[in-house]
Each structure stands twice: as structure tokens, then as C-alpha cells.
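So the sequence shown is residues 1 to 626, counted in the UniProt record's numbering.
Beta carbons: idealized from backbone N, C-alpha and C, even for Gly.
All values reported here derive from a predicted model rather than from experimental measurement.
I have placed the structure first, in the form of C-alpha cells, so that the comments after it can refer back to it.
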Amino acid sequence: MLPPSRRDFVSLALAESRGYTNGKQRRQSCWRKWKQLSRLQRSIVLFLLALMLIGGFALYPSLSPQWGVEEHKEEKKQPFIIDVKDQGRPVLPEPRSERRGLRKRGPPALQNRLQGRGNSSEVRLKNAQEEEEGKPLISWHGAVIEAEQATDPNAKEKEKAVEPEDPSVLQLEESRLEAVREAFRHAWKGYKEFAWGHDELKPVSKSYTEWFGLGLTLIDALDTMWILGLKKEFEEAREWVAKELTFNKNVDVNLFESTIRILGGLLSTYHLTGDALFLEKAKDFGSRLMPAFSTPSKIPYSDVNIDKGTAHPPRWTSDSTMAEVTSIQLEFRELSRLTGDPKYREVVMEVMRRVHRLEGKHDGLVPMFINTNSGQFTHVGVYTLGARADSYYEYLLKQWIQGGKKETELLEDYVQAVEGIQKNLLKRSSPLGLMFVGELSHGHFSPKMDHLVCFLPGTLALGVHHGLPAEHMELARQLMETCHQMYVQMETGLSPEIAHFNTQADSIQDVDVKPADRHNLLRPETVESLFYLYRFTKDRKYQTWGWEILQSFNKYTRVDTGGYTSINNVRDPTSPSPRDKMESFFLGETLKYFYLLFSDDSNIINLDKYVFNTEAHPLPIWPQTD
Ligand code: DMJ
Numbered sequence: 001m002l003p004p005s006r007r008d009f010v011s012l013a014l015a016e017s018r019g020y021t022n023g024k025q026r027r028q029s030c031w032r033k034w035k036q037l038s039r040l041q042r043s044i045v046l047f048l049l050a051l052m053l054i055g056g057f058a059l060y061p062s063l064s065p066q067w068g069v070e071e072h073k074e075e076k077k078q079p080f081i082i083d084v085k086d087q088g089r090p091v092l093p094e095p096r097s098e099r100r101g102l103r104k105r106g107p108p109a110l111q112n113r114l115q116g117r118g119n120s121s122e123v124r125l126k127n128a129q130e131e132e133e134g135k136p137l138i139s140w141h142g143a144v145i146e147a148e149q150a151t152d153p154n155a156k157e158k159e160k161a162v163e164p165e166d167p168s169v170l171q172l173e174e175s176r177l178e179a180v181r182e183a184f185r186h187a188w189k190g191y192k193e194f195a196w197g198h199d200e201l202k203p204v205s206k207s208y209t210e211w212f213g214l215g216l217t218l219i220d221a222l223d224t225m226w227i228l229g230l231k232k233e234f235e236e237a238r239e240w241v242a243k244e245l246t247f248n249k250n251v252d253v254n255l256f257e258s259t260i261r262i263l264g265g266l267l268s269t270y271h272l273t274g275d276a277l278f279l280e281k282a283k284d285f286g287s288r289l290m291p292a293f294s295t296p297s298k299i300p301y302s303d304v305n306i307d308k309g310t311a312h313p314p315r316w317t318s319d320s321t322m323a324e325v326t327s328i329q330l331e332f333r334e335l336s337r338l339t340g341d342p343k344y345r346e347v348v349m350e351v352m353r354r355v356h357r358l359e360g361k362h363d364g365l366v367p368m369f370i371n372t373n374s375g376q377f378t379h380v381g382v383y384t385l386g387a388r389a390d391s392y393y394e395y396l397l398k399q400w401i402q403g404g405k406k407e408t409e410l411l412e413d414y415v416q417a418v419e420g421i422q423k424n425l426l427k428r429s430s431p432l433g434l435m436f437v438g439e440l441s442h443g444h445f446s447p448k449m450d451h452l453v454c455f456l457p458g459t460l461a462l463g464v465h466h467g468l469p470a471e472h473m474e475l476a477r478q479l480m481e482t483c484h485q486m487y488v489q490m491e492t493g494l495s496p497e498i499a500h501f502n503t504q505a506d507s508i509q510d511v512d513v514k515p516a517d518r519h520n521l522l523r524p525e526t527v528e529s530l531f532y533l534y535r536f537t538k539d540r541k542y543q544t545w546g547w548e549i550l551q552s553f554n555k556y557t558r559v560d561t562g563g564y565t566s567i568n569n570v571r572d573p574t575s576p577s578p579r580d581k582m583e584s585f586f587l588g589e590t591l592k593y594f595y596l597l598f599s600d601d602s603n604i605i606n607l608d609k610y611v612f613n614t615e616a617h618p619l620p621i622w623p624q625t626d
């Protein structure tokens, strides 16, 4: 039996819910009921109403849809084929309050990194796995990759905690992180003294090279400084961007290179810092790249003049490079999301749609060129995971991740390509039996592997982390070992640009290098993959391998007066022969991946929240609102 007051309240509620047809009648009836209530009853009702009102206000921000909700809904309805009608509403990177918090906090490395570590990363890994549990992942050509199949056999390993906070482990970690910061400062010193505001440092001749004339190294390095916690260096670079950087320049830029380095660098710095300056610059630059897409086939030209708004292919051909036209999507899609203007996303997704439909792939592998007039592949018959094709495969997976794993055609193409690699491009070397990725030329297998291919172990591991088949992880581990051997089998401990693998049974060494391939450009791919493999397996051997590579860079490529240089000969430790150039990706990628590899804090660029573009600039995985 309810107390009298509760009974009355219930009867009032029931009366109200009966459903009147006429509003006036309803109002009168409510009023009559109200008058019949005692003072106490009215107070209770009023009190409850007030409570509901306050609760409603408190909950409103978390319940109200964020900008762009409809954008994601559209994409869910039409995976991959994104609706152009979806116009106009920008999506901010994070709720404003958080961004303010981030700014106040400063770069992540300035925070107390020892707080709250270990457990939180494990929880996140578990959540990522749980997210996939029980759901078929994709439907691919009628076959369904089941969640069970996609379980990582190393899940146990994932859950294994990094050692408890053992002081010697923490000390080792901190000393390695400091070694990376020191390397960065040294590189920055050379850039600042001899190349400030120019594209690349020539550390030996103490001068610079100009490629686009846009301060390439400085922009490429912005988010690295933020992540490493180099506040002073970051602030002086920001100052340059604010005061000196202008895109009002009569220069031709390469669409791909400038997208991944400049647009990608500005967008990621915007996300990490919340500083609108970088978004403004990104918008300005992105819009100046758009003329590249005005071609008969919608496959963009390689070069665009950012002042005149004209674009053209290279002088000798009307072809564009496959990797170049299919590795600008993460950046343009993000620009659309941030500005609310779909035009950036539309042009790059049109490229993906056309490539997806093209005949001439070989088990999901693509040729290296595509014609900007016909929109067809050219040079059909040559397949590589190296130069000119590499990041096509990387961006299939990463776009799928960026968009919340809904654009199934991207995933289909990625999974099919991995099968194509397994079927056509893998062989084992002698004497160690290393698994390597060769090339196929008109049916002829060549045991040639670019260092560029060493992005692949990391990408495969990332796919497994996001639910793809466990066998990809096994391949990732084996290829990681191979990339490691490309370093340790060289006299300097540094990989050549291209390796040839011996397959004859009586070989003495697995890796052979042709005289023209002996250079090392300070490239990041192996360190990048070591980072992913360590993040996902916590196997410390990957950190050790990375540490050895850093030592070799310091020994053979460091220039006393500041900066690091590419070298001509990784086989000659007495005379590695400097090439006198520090590529912007050494600061943008290589040192950043070293830092992330040596850090045990999975919160520094959480891989469930960010996806790296091919120049190591982290962009957010789009929040799922439904
Ligand atoms: C970088 O510009 C990018 O990583 C690109 O995908 C490949 N080449 C360099 C680094 O080697």
C-alpha cells in the first residue's frame, strides 16, 4: 500500500498520460487537478519538476549531437560512396573545453608521464577487442571474416602488462626518450642556423635546398616538437608560421608531397594544439591544391601552382603515380570534416571510386601509374610494394580506420591486396630464411625490396589491432625481422635504399646491395613499423632494434655543427660519404617514431583515437556518433 501522497501523485500522472484530443480541455483538466492537490503535494510535484529541469541541463552537453552527426549517418548508409549533398557543417576536432585543457597542459611530454600508466593502455586494448566481439567484420566477395578469425593470437601478449613500474625500466625509457629529444635538438640546431624557413637543411655545406619554398622541414616537424615536449622550439616555429608562412607564392608543388607533409602537418598540429592558426593555414593551402583535380579523368595531376591555380602532369608524361593519387585522402577528408565543405573529400573519394572499379589489378595489386586523360592504369604488369605504389595499400586500411570502419570497399581492396602480396610477392631468403616482399614484372619475380616496403609490417599490425585476420600479424612479425636484418647485415648498421635478397641455397648473406642502391636517406619506415609492433606486442626486442638504429644514425649521419645527413654508402663505415641533405621526414617521421617506440605510454597518440598519415602526422579517427 502506497502512502496517500504517493497514491495521489500516481493518479495524477496516469490522468495526464491518458491522451486528450483537445489542448484547451487538457489544460483545463490539468489546472483542475492541480487545484485539487494539497500544498504538500504541489510542493512535491514542483520539487520533482525542478529536479528534472536541473538534471536535463546538466546532461544536455553530452546528449546533444555534435556537429557533423548527419555526416556520419550518411556515410553509414552508403559505405565508401559518400554523399555530396552533405554540405556545410564543420566538425571541430574536440570539445572546446578539452582543447583548452590541452593547451593549458602543454605538450604531452611536459606532463608527468609516469602518472596512470600501464593499466590504462591495457584497458584500451581490451576495449578495442571487445568492440569487435561477436560481430562479423566485413562481407568480402560473399565471404565473411568472422570476429573469431580476427582474434589476435598474441592477445595474451597484449594483455601482459609492461613490467611493473620498475625504476630501472623507467630510467632506461627516460634516457632513450631524452636521447631522441637530444637528436631532435641537434637536427633543429642545424636547421635553425643554416636553413631557417627554407625547405631542407644541407648540414655539411651549412646551407639549404628549396623544393617548394614553404619551410617544409619546419612544418613537417611541428607536431614532432609538440609530442616530444620541445616547447621552446615549438613556439619559435609557431611564430614563423604566424608571421612568415604565406602560400601566395608562384611555385609549383607536388600534390602528394605537399599534401602529406604540409597539409598533413598543419592539420595534425591543429588537432594536437587546438590552435586555430594551423587550421587557417591548412584551409588556405588545401584550397590552393584543388586545381590539380581538374583533369579529364578526375585522376589528379602531379603538380599544381598554388598561386596561379594551374595544374599539370610532369613534362614527360600525362601519367600520375598510383601511390601519389591514392595517398592524399586522409588529409582531404579531414579538411572537409573540419571545414564542413565536402568538396575536398569529394575529389579524393572520386579517385578511390575510380581506382576501385578499374580493371587491370593483379590479385588486388595495382600497377605503378595511372593516366590522367584516360583514367586507366598504364605500365600494367609491374607490381611492387615499394616506390610509386607503397602508400596506396597503406591508405586503403587507414581511410577505413579513419572513417570508423564503415567504408567496406576500402577494406575489401585492402584485404584482397594482402592476399595478392601473399600469393605473388613473398619468398624466403638464404641462409636465414627471411620472408621478404619482392616485385613482379610481367610474370617474372625479382627479389628486390625497397626500404620503403618496411612500412608494411606496421600497417599489417595496425590492421590486426583493428580486427583484421590474425595471420596478418604473423606476416608482420616475419617482415619486421627482415627489415631489421636489412640494417644489421650492413657494416654501418644502416639499411640501404634497396636490398636484393639471395635465394640460392649456398648464399653466405641474405641481403645483397647493388652499388647504386647503397645510400640511406634517413628514412622512417623500419622505425615506424617497430613502433607499431612494440605498441601491440610489448616485445622489448623491437625497442632494442630501434635503439641500435638510432646509435647507427648518430655514428654515421650526425654532423657536428648541427643536423643529420643522408649518406651514400651504408657498406663503408670508414667512409659512408655524406650526401649533404637532411630530408624533412627525418624530423617529421623518423625521430617521432623513435620517440613513440621508446615510450611505454600508449596515451601518447592513442591508436584507437588517431591514425597516422603516411608522413607520420596523426589525424583523429572520426568519432562515431551513432
Ligand atoms: C615520406 O615522405 C613518406 O613516408 C612517404 O610515404 C614515403 N617517403 C617518405 C619517407 O621515406
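Asked, Found
"Asp450 Cβ short of 7 Å to ligand 1 heavy atom set", "no"
"Same chain only: Cβ atoms within 6 Å of Met449, ignoring 5 sequence neighbours per side", "Phe436, Val437, Ala499"
"Strand pairing of Asp450, partner residues [DSSP]", "Ile498"
"Rounded straight-line distance, which links the Cα of Leu596 to that of Leu102", "Summary for Leu102: the model assigns pLDDT 36, below 50, so the residue's position carries little reliability; its value from the coordinates is reported in the next sentence. Roughly 19 Å between the two C-alpha positions."
"Under the three-state DSSP convention, the category Asn371 falls into", "strand"
"Sub-8 Å separation of Ala389 and Val366 beta-carbons", "yes"
"Arg558 vs Ser566 beta-carbon contact at 8 Å", "no"
"Alpha helix (DSSP H) runs wholly inside the segment 389-429, at least 4 long, in chain order", "390-402, 408-424"
"Whole-number beta carbon distance between Met368 and residue 643, since they are thought to touch under 8 Å", "Only positions 1 to 626 of the chain appear in this structure, which leaves residue 643 out of reach."
"Environment of Gly88 [buried if 16+ CB atoms lie within 10 Å]", "Residue placement at Gly88 is poorly supported in this model, since its pLDDT is 48, which falls under 50; the coordinates are not used for a value here."
"Contact check, Asp510 vs Pro431, beta carbons under 8 Å", "yes"
"Segment limits, beta strand (DSSP E) that includes Ser575", "Run containing Ser575: none; DSSP gives neither H nor E here."
"Collapsed DSSP secondary structure at Ser441 in the structure displayed", "strand"
"beta-carbon Ser552 near ligand 3 non-hydrogen atom, thresh 7 Å", "Inclusion of ligand 3 in the displayed structure is not the case, the ligand content consisting of ligand 1 alone."
"Among Ser495, Asp223, Ala387, the one whose alpha carbon lies nearest that of Cys483", "Ser495"
"Burial state of Leu267 (16 or more Cβ within 10 Å)", "buried"
"Close beta carbons around Phe234, own chain, < 6 Å, minus the five adjacent residues each side", "Met225, Trp226"
"Leu330, enclosing alpha helix (DSSP H) - first and last residue", "329-339"
"As assigned by DSSP and simplified to three states, the class of Gln558", "Reading the sequence as shown, one finds Arg at residue 558 and not Gln. Arg558 falls in the strand class under three-state DSSP."
"Any non-hydrogen atom of ligand 1 closer than 7 Å to Ile260 Cβ", "yes"
"Proximity test, Ser268 beta-carbon vs ligand 1 heavy atom, cut-off 7 Å", "no"
"Own chain residues within Cβ distance below 8 Å of Leu434, not counting five before or after", "Arg428, Gln478, Glu481, Thr482, Gln485, Phe501, Asp510"
"Reduced DSSP secondary structure (H/G/I, E/B, other) of Leu607", "coil"
"As assigned by DSSP and simplified to three states, the class of Val253", "strand"
"Ala276: first and last residue of the uninterrupted alpha helix (DSSP H) it sits in", "276-289"
"Backbone CA spacing between Ile421 and Asp363 [nearest angstrom]", "8 Å"
"Environment of Gly463 [buried if 16+ CB atoms lie within 10 Å]", "buried"
"The segment 166-179 contacting the segment 210-225, beta-carbon criterion three pairs below 8 Å", "no"
"Supposed close pair Arg261, Ser584 - CB separation, criterion 8 Å", "6 Å"
"Sub-8 Å separation of Thr492 and Ser575 beta-carbons", "no"
"Proximity below 8 Å, CB of Gly264 to CB of Glu589", "no"
"Boundaries (first-last residue) of the beta strand (DSSP E) holding Glu174", "Not the beta strand (DSSP E): Glu174 falls in the alpha helix (DSSP H), residues 167-194."
"Residue burial classification, Ser43 (beta-carbon count within 10 angstroms, cutoff 16)", "exposed"
"Host alpha helix (DSSP H) of Val513 (start-end)", "No alpha helix (DSSP H) contains Val513, which DSSP labels as neither H nor E."
"Sub-8 Å separation of Tyr383 and Leu440 beta-carbons", "yes"
"Under the three-state DSSP convention, the category Pro431 falls into", "coil"
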